[in-house]
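These protein sequences, in sequence, are chains X and H. Okay, so the first sequence: first residue is 1 according to my numbering, each after it adds one. Okay, so the second sequence: first residue is 1001 according to my numbering, each after it adds one.
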Amino acid sequence: AKGGRTKDEL
Amino acid sequence: MNLFRLAGDMSHLFSIVLILLKIYTSKSCAGLSMKTQELYTLVFVTRYLDLFYSYVSLYNTVMKLIFLASSFGILWYMRYHKQVKQTYDREQDTFRHYILVVPCAVLALIVNNELSVTEVLWTFSIYLEAVAILPQLVLLQRTKNVDNLTGQYIFFLGAYRALYILNWIYRYWTEPKYRQYLVWAAGLVQTGLYADFFYYYLKSWQAGEKLRLP
Chain X
1 AKGGRTKDEL
Chain H
1001 MNLFRLAGDM SHLFSIVLIL LKIYTSKSCA GLSMKTQELY TLVFVTRYLD
1051 LFYSYVSLYN TVMKLIFLAS SFGILWYMRY HKQVKQTYDR EQDTFRHYIL
1101 VVPCAVLALI VNNELSVTEV LWTFSIYLEA VAILPQLVLL QRTKNVDNLT
1151 GQYIFFLGAY RALYILNWIY RYWTEPKYRQ YLVWAAGLVQ TGLYADFFYY
1201 YLKSWQAGEK LRLP
């Protein structure tokens, strides 16, 4: 994920 | 997915079930802040736009849809249900949306991971979620007579954030690439807002009484 964004949390 | 994350999500889900149950069984939304519910709906809408362009898992998709649908459902009850809407504390629930929305929008434009529409909206939702409980806490302080379900609703919302912090700590140690400072900072602020509430909630619970705020 770009810039450390975690997309797998709600 | 680790147990802290799952427990956090379930706590979040449970808080929403509680609030729907309260509204449905008592046909009353007394003590509930519509401002907070509207802010949460805005949080879910701006964050879950990714339903259109990214897929993580069936679990994530279903949970996102539940959060979206339930937040609109709660708002519908508070605004349009014949009996429920009459129990809304309009005069007490005076917190202005823009006091929270504007600073969060400005901050999201300045501090983000990438200056794109979806990324800024996502960041905005992270900041807004952190403070969206404030109108509810203010209303709680004003009305003071907190019924059990409303107290439990806020308790489980707070527990959800606390469990997410444990999830972040766990992932920090187990996943080398897992670093999301922006989310952590917002999450810490959000959990901190509940500290005062937790203190009085646990004190009332220990004394075997209804929640009483000073």
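Yeah, the Cβ is synthetic: ideal placement off N, Cα and C, and Gly gets one too.
Taking a cut-off of 8 angstroms on C-beta distances, the region 1004 to 1022 of chain H touches the region 1150 to 1164 of chain H, as three or more cross pairs fall below it. Within the region 1044 to 1066 of chain H, Asp1050, Ser1054, Val1056, Ser1057, Asn1060, Met1063 and Lys1064 place their CB atoms closer than 8 angstroms to a CB of chain X, listed in sequence order. When C-beta atoms of the region 1021 to 1032 of chain H are compared with those of the region 1076 to 1089 of chain H, three or more pairs fall below 8 angstroms, so the two segments count as touching. Contact between Thr1041/H and Phe1072/H holds, with the beta-carbon distance rounding to 6 angstroms and staying under 8 angstroms.
In chain order, Leu10 make up the part of chain X whose C-beta sits under 8 angstroms from the C-beta of Asp1009/H. As the crow flies, the alpha-carbon of Arg1005/H is around 33 angstroms from that of Thr1143/H.
Phe1095/H carries a coil assignment under DSSP once its states are collapsed to helix, strand and coil. A direct Cα-Cα distance of roughly 7 angstroms separates Tyr1055/H from Thr1061/H. Here the C-alpha atom of Val1106/H lies approximately 33 angstroms from the C-alpha atom of Gln1152/H. Taking C-beta separations shorter than 8 angstroms and ignoring five residues to either side along the sequence, the partners of Asn1113/H in its chain run Glu1119, Thr1123 and Leu1182, following chain order.
Asp1009/H: member of the alpha helix (DSSP H) spanning Leu1003 to Ser1026, first to last residue. The Cβ atoms of Gln1092/H and Leu1139/H lie closer than 7 angstroms to each other.
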